[in-house]
Amino acid sequence: MFAGQSELERDSFLQDVFPGGFLWGTSTGAFNIEGAWAEDGKGESIWDHFGHAGHVHLNQTADVACDSYYKTSYDIFLLRGLHPQLYKFSVSWPRIFPTGTNETINSKGVDYYNQLINQLLDSHIEPMVTLFHWDLPQALQALGGWQNDSVIDAFVSYADFCFSTFGDRVKLWITFHEPWVISYAGYGTGEHPPGITDPGVASYKVAHTILKAHAKVWHLYNDKYRSQQLGKVGLVLNSDWAEPKTPTSSEDMRASERYLQFMLGWFAHPIFVNGDYPEILKAQIQAVNQHCSTTVAQLPVFTEEEKSWVKGTADFFGLSHYTSRLVSAGADGTCAPGYESIGNFSLHVDPSWPQAASSWVHVVPWGLRRLLKFVSQEYTGTKIPIYIAGNGVPMGDTGDLLNDTLRVDYFRRYINEALKGVKHDAVDVQLYIARSLVDGFEGPLGYNLKFGLHHVDFEDSNRARTPKASAYFYSSVIEKNGFPSEALGRSSAPLVFDRPAPSKLPNLPASEVPSKAKVVWEKFSSQTAFERDMYFHGTFPEGFTWGVSSSAYQIEGGWDADGKGPSIWDTFTHVPGNVKNNDTGDIACDSYHKVEEDIYLLRALGVKNYRFSLSWPRIFPTGRNNSVNSHGVDYYNRLIDGLVANNITPIVTLYHWDLPQALQDIGGWENNTLIDLFDSFADFCFQTFGDRVKFWITFNEPYVIAWLGYGQGTFPPNVQDPGSAPYRVAHILLKAHARAYHTYDDKYRTSQGGVIALCLYIHWAEPKSPGDPRDVEAADRYLQFMVGWFAHPVFKNGDYPEAMKWKVGNRSELQGLPSSRLPAFTAEEREYIRGTADVFCFNTYTSKIITHSTTRLQPFSYEYDQEVSISADSSWPYSGLEGHRPVAWGLRRLLNWIKEEYGNPPIYVIENGVAISTTLDVDDNARIFYYKTYIDEALKASRLDGVNLKGYNAWSFMDNFEWSDGYDPRFGLLQVDFNNPNRPRTPKRSAVYYAEIIRSNGIPLPKEDEFLYGEFPKNFSWSVATAAYQIEGGWRADGKGLSIWDKYSHTPLRISNDDTGDVACDSYHKIEEDLEMLKSLKVSHYRFSISWSRVLPDGTTR
4 MFAGQSELER DSFLQDVFPG GFLWGTSTGA FNIEGAWAED GKGESIWDHF
54 GHAGHVHLNQ TADVACDSYY KTSYDIFLLR GLHPQLYKFS VSWPRIFPTG
104 TNETINSKGV DYYNQLINQL LDSHIEPMVT LFHWDLPQAL QALGGWQNDS
154 VIDAFVSYAD FCFSTFGDRV KLWITFHEPW VISYAGYGTG EHPPGITDPG
204 VASYKVAHTI LKAHAKVWHL YNDKYRSQQL GKVGLVLNSD WAEPKTPTSS
254 EDMRASERYL QFMLGWFAHP IFVNGDYPEI LKAQIQAVNQ HCSTTVAQLP
304 VFTEEEKSWV KGTADFFGLS HYTSRLVSAG ADGTCAPGYE SIGNFSLHVD
354 PSWPQAASSW VHVVPWGLRR LLKFVSQEYT GTKIPIYIAG NGVPMGDTGD
404 LLNDTLRVDY FRRYINEALK GVKHDAVDVQ LYIARSLVDG FEGPLGYNLK
454 FGLHHVDFED SNRARTPKAS AYFYSSVIEK NGFPSEALGR SSAPLVFDRP
504 APSKLPNLPA SEVPSKAKVV WEKFSSQTAF ERDMYFHGTF PEGFTWGVSS
554 SAYQIEGGWD ADGKGPSIWD TFTHVPGNVK NNDTGDIACD SYHKVEEDIY
604 LLRALGVKNY RFSLSWPRIF PTGRNNSVNS HGVDYYNRLI DGLVANNITP
654 IVTLYHWDLP QALQDIGGWE NNTLIDLFDS FADFCFQTFG DRVKFWITFN
704 EPYVIAWLGY GQGTFPPNVQ DPGSAPYRVA HILLKAHARA YHTYDDKYRT
754 SQGGVIALCL YIHWAEPKSP GDPRDVEAAD RYLQFMVGWF AHPVFKNGDY
804 PEAMKWKVGN RSELQGLPSS RLPAFTAEER EYIRGTADVF CFNTYTSKII
854 THSTTRLQPF SYEYDQEVSI SADSSWPYSG LEGHRPVAWG LRRLLNWIKE
904 EYGNPPIYVI ENGVAISTTL DVDDNARIFY YKTYIDEALK ASRLDGVNLK
954 GYNAWSFMDN FEWSDGYDPR FGLLQVDFNN PNRPRTPKRS AVYYAEIIRS
1004 NGIPLPKEDE FLYGEFPKNF SWSVATAAYQ IEGGWRADGK GLSIWDKYSH
1054 TPLRISNDDT GDVACDSYHK IEEDLEMLKS LKVSHYRFSI SWSRVLPDGT
1104 TR
């Protein structure tokens, strides 16, 4: 069929997709990844024994491997990112039956697989479970292993247990993975355990036993489980393709046929054809034995009953394939038992075939198509589907381990050959599985070979996993179901995903001084530390949205790519000395070139939304709509489309500080012209992206723009005018926000149905002395200056808070100015600004302690205008960013304050997280603790206090450029290696933890801590207890002697408050009262103690 193909024809690439319903998967094997070799009661396997005997490269073992036994959530995280429909893994027989039989069942092992299966199904991934992937219990090997027929019943018993335990959820079963490898490498060459070198006898005996064990298990499932569980059972056979070395040689043709029958037909023929070995195999072994004076090979014989029992025992044909061979006829006359001599063939490779890191793998993609056609014609036809259950290529442990372009090319070409088999040759392939999910322990070569889509750092005890280029590539193949001929156009179908319902917020009166929200301090400031920090279990309301956040300048890079204009941050960072280490955002995380990677990891996190910002100069390079950069628009379209395709709601910020430099050149936010220019940009974005974006934020943290950019001048444009410019800039920002809001409201809301707001920056303010009205008013004033500055005009009456107007106005007068430095809105402007937000969005990281302070009048300063003193409690821990001390309980109080101050609007925490100052923090327990405590305080506010909290976003999605601090502080859930030009992203422990919070929608009470209802047994005793010294008193009454506690408590500075037990509860004189209390408690027993010195004053009977 293929003999006449030209190389050009053979190697052509087919642009097409697989049929609908085609399944994609990835795989692992238990001993390759699980580790925990002897933990929780697991028995020893032959691979444990083999490794401990020093038979593996560099004496490596699988003792820890990828530590997957303890990292189920981590592996599921990666699978969610990859997004296959199926995950093929194996059950470790000795983890469930430590001695190989059902006499001892290890419940911890069963729990592990139950957890794995349940989490897969929760993530909409089908488990495909292999019962035997080479790791025989050592206890059974001691009895002869697969050479002993008794192992058949042990295997059936083990399979029976697995079907009954997991079969309600597992519908795809594999009995044996690659039995040829077990027979050939374990009992023929001895390269694998049990290390037996007997290719002529043991190898064939083992294959015979395995075939009978497989058939018996298939019949067990068929007879006992299939009708209820409705699953499928098969096995996975490995085979190379055999191409005649000389295509015109009939000898080489026959030798190639023999090679395939010795490798594949050995197992496939009995199961898929007639219950017996192939005639070619039988005839060849007979010929070899006749030719030699001794029996070189001994092929067992099936009885007629066994043949009928073995035939047809597979519901699918599982095939694994890695490489091809050129085959020629062997040199007759060799009688030494060996695979090639028995089969009378000789194996070669074409020198033009690229070799992988393993000597046995050469890259020959077209061999897969030919093998599939052979399997279809020889074994399956149209009746039995073919599952490609293993295909991949090993890389070495040197060079670039993450940018695995060779593997990407391997997958691309091999998968395409499978596609040709389906489309051109009508082969019924229904599944493709890429080997493997992660790098693992690869048998005799240990960790020297890497098959993983995800790199595992075996030098790191945390076994960090990082997606390779091949993972992102394979994920895109899965998403597209192959190789579509052209990029699919954007769907115009209506989108269905979570979005807030637009609702008009109530009109609220101006805040008083201090505002009525002071009730929050009255409610919470009297809490003891124990009450305040008490952990609360529960879940958030249905529909709560979880996300992560980022911003354009901090992650995108591509600072001048594809026509992007410079921003003020580009200008600022290019001046040496402005940023720590002279870092810039020129490349940052390179997200501009990594849309697929970012979506992969967002999907892995399981987020419901992603908050990102649009770079104004990437879309309008000069800041004006007369220069639209289509490349920038395409980038955001791809990002938004990818999010929507994965049911992730885009929350889009229009302005996150990166003003086009061209607009700064005309005065930036001090120029009223920017109101029109920002509106023009917003209008373009609503029109271009609003069919898919339903949640808009106009400005991120306008406080930071105004104060750090124009007051302190630490951020660009570096204006240092602390007394006036911040107020002028904020005034323009508020008007620009209102304009964009009204543009959306008037032109787009009816058709697009989204919401729009601004996002504020807030620290919680705790009065230093909650009982001092001046400190309470100072804390309120601090919040009004920080939050109310922007929130009061928008959420209340269109104007600044009275506290601000009063302070800035009075101080301006004291400073001899003709009018307040705080600009005034006209009545028309107030009406225009009021109500221009549909929801309340804010970012928060820390808390401050506030006390009243009389500040100086010169120089003019927004900071001095507040008349407060700001400090932190010395007990609050530090973080990697100055001024960002974690104070979790502040979040609950802040949420309550927003509720009281602004009428309990729908509230979204858009940024919350903690910086750690280190380049490597995969094992980031401090960050996990931060999220655990902060999210718990948000949960209390939602569930206990009735705060209308709708969503929570972690800052940040990944490590990124942290403004003037450069890359030193790390906020990310993903670690980014900024020293690697490919900017690989590695999920930290906090990412896996946060994904679990999202999956649980909060922090539910662990099962083991749930309240148990019921009664104790009859005759159960209930009691109360006391001790003599603690209650009796009467310390010298009626001749009582001194006890050591009398002496101790009468010694100064020993007991708190100089208390003593001299009187205590005076129980010595109150027996009747105590008895009455005991009767009323209805206890059956009373435990008390006798005072030795009361009975024997000097301690003796003398």
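In our numbering, the protein residues as written are 4 to 1105. No residue lacks a Cβ here, since even glycine has one placed at the ideal position from N, Cα and C. What you are looking at is a predicted structure, and each value in this text was computed from that prediction instead of being measured.
Judging by CA-CA distance, which residue of the options is the nearest neighbour of residue i?
| i | options | result |
| --- | --- | --- |
| Gly346 | His294, Tyr848 and Val352 | His294 |
| Leu608 | Ile622, Leu662, Thr548 and Ala564 | Thr548 |
| Thr858 | Ser153, Met807 and Asp868 | Asp868 |
| Leu525 | His351, Asp778 and Val459 | Note on identity: in this sequence residue 525 is Glu, with Leu being the wrong assignment. With distances taken between Cα atoms, Glu525 lies closest to Asp778. |
| Pro889 | Asp927, Val655 and Tyr848 | Tyr848 |
| Pro972 | Trp221, Asp403 and His887 | His887 |
| Glu885 | Ala875, Ala891 and Lys1021 | Ala875 |
| Trp809 | Thr469, Thr249 and Ala827 | Ala827 |
| Leu666 | Val707, Thr574 and Asp724 | Thr574 |
| Glu832 | Glu1013, Tyr785 and Gly801 | Gly801 |
| Ile288 | Phe275, Val304, Gly550 and Asn277 | Val304 |
| Ala781 | Pro388, Val790, Glu769 and Thr829 | Glu769 |
| Gly1037 | Ser1070, Ala941, Glu600 and Gly819 | Ser1070 |
Given this structure, state the Cα-to-Cα distance separating residue i from residue j, to the nearest angstrom.
| i | j | result |
| --- | --- | --- |
| Phe974 | Val917 | 6 angstroms |
| Ile938 | Asp775 | 30 angstroms |
| Asp19 | Ser488 | 6 angstroms |
| Ser1094 | Asp1101 | 12 angstroms |
| Asp682 | Arg614 | 21 angstroms |
| Thr1103 | Gly1044 | 11 angstroms |
| Tyr638 | Tyr595 | 7 angstroms |
| Val636 | Ser479 | 22 angstroms |
| Ser206 | Leu284 | 14 angstroms |
| Gly46 | Pro97 | 5 angstroms |
| Arg415 | Val366 | 12 angstroms |
| Phe845 | Arg229 | 55 angstroms |
| Gly449 | Pro354 | 27 angstroms |
| Gln787 | Asn584 | 36 angstroms |
| Val950 | Glu1011 | 29 angstroms |
| Trp572 | Tyr835 | 31 angstroms |
Determine whether the beta carbon atoms of residue i and residue j lie at a separation below 8 angstroms.
| i | j | result |
| --- | --- | --- |
| Ile185 | Ile213 | yes |
| Pro620 | Pro544 | no |
| Gly393 | Phe320 | no |
| Val811 | Ser822 | no |
| Val516 | Trp900 | no |
| Ser71 | Ile36 | yes |
| Pro908 | Phe981 | no |
| Ile700 | His86 | no |
| Leu134 | Trp183 | no |
| Gln118 | Thr178 | no |
Report back the beta-carbon spacing between residue i and residue j to the nearest angstrom; my notes put them in contact at under 8 angstroms.
| i | j | result |
| --- | --- | --- |
| Val1086 | Val1027 | 6 angstroms |
| Phe92 | Ser30 | 7 angstroms |
| Pro388 | Gly203 | That pair is no contact at about 35 angstroms. |
| Val459 | Asp442 | 4 angstroms |
| Gly541 | Pro1007 | 7 angstroms |
Under 8 angstroms Cβ to Cβ from residue i, same chain only, skipping five residues before and after it: list those, please.
| i | result |
| --- | --- |
| Val364 | Tyr325, Thr326, Gln358, Val396 and Pro397 |
| Ser167 | Tyr228 |
Cβ of residue i within 7 angstroms of any heavy atom in the ligand MG?
| i | result |
| --- | --- |
| Leu608 | For the structure depicted, the ligand MG is absent and the ligand set is empty, with no information on it obtainable. |
Counting only the same chain and skipping the five closest in sequence on each side, list residues whose C-beta sits under 7 angstroms from that of residue i.
| i | result |
| --- | --- |
| Thr64 | Gly54 and His55 |
| Leu267 | Leu240 and Ser242 |
Using a Cβ-Cβ cutoff of less than 6 angstroms, which residues in the same chain neighbour residue i once the five nearest sequence positions on both sides are dropped?
| i | result |
| --- | --- |
| Ala496 | Low local confidence applies: a pLDDT of 45 at Ala496 is under 50, so the model's placement there is unreliable, with the coordinate-based value given in what follows. Closer than 6 angstroms at the Cβ level, and outside the excluded window around Ala496, lies no residue. |
| Ser815 | Ser823 and Arg824 |
| Tyr556 | Trp572, Gly588 and Asp661 |
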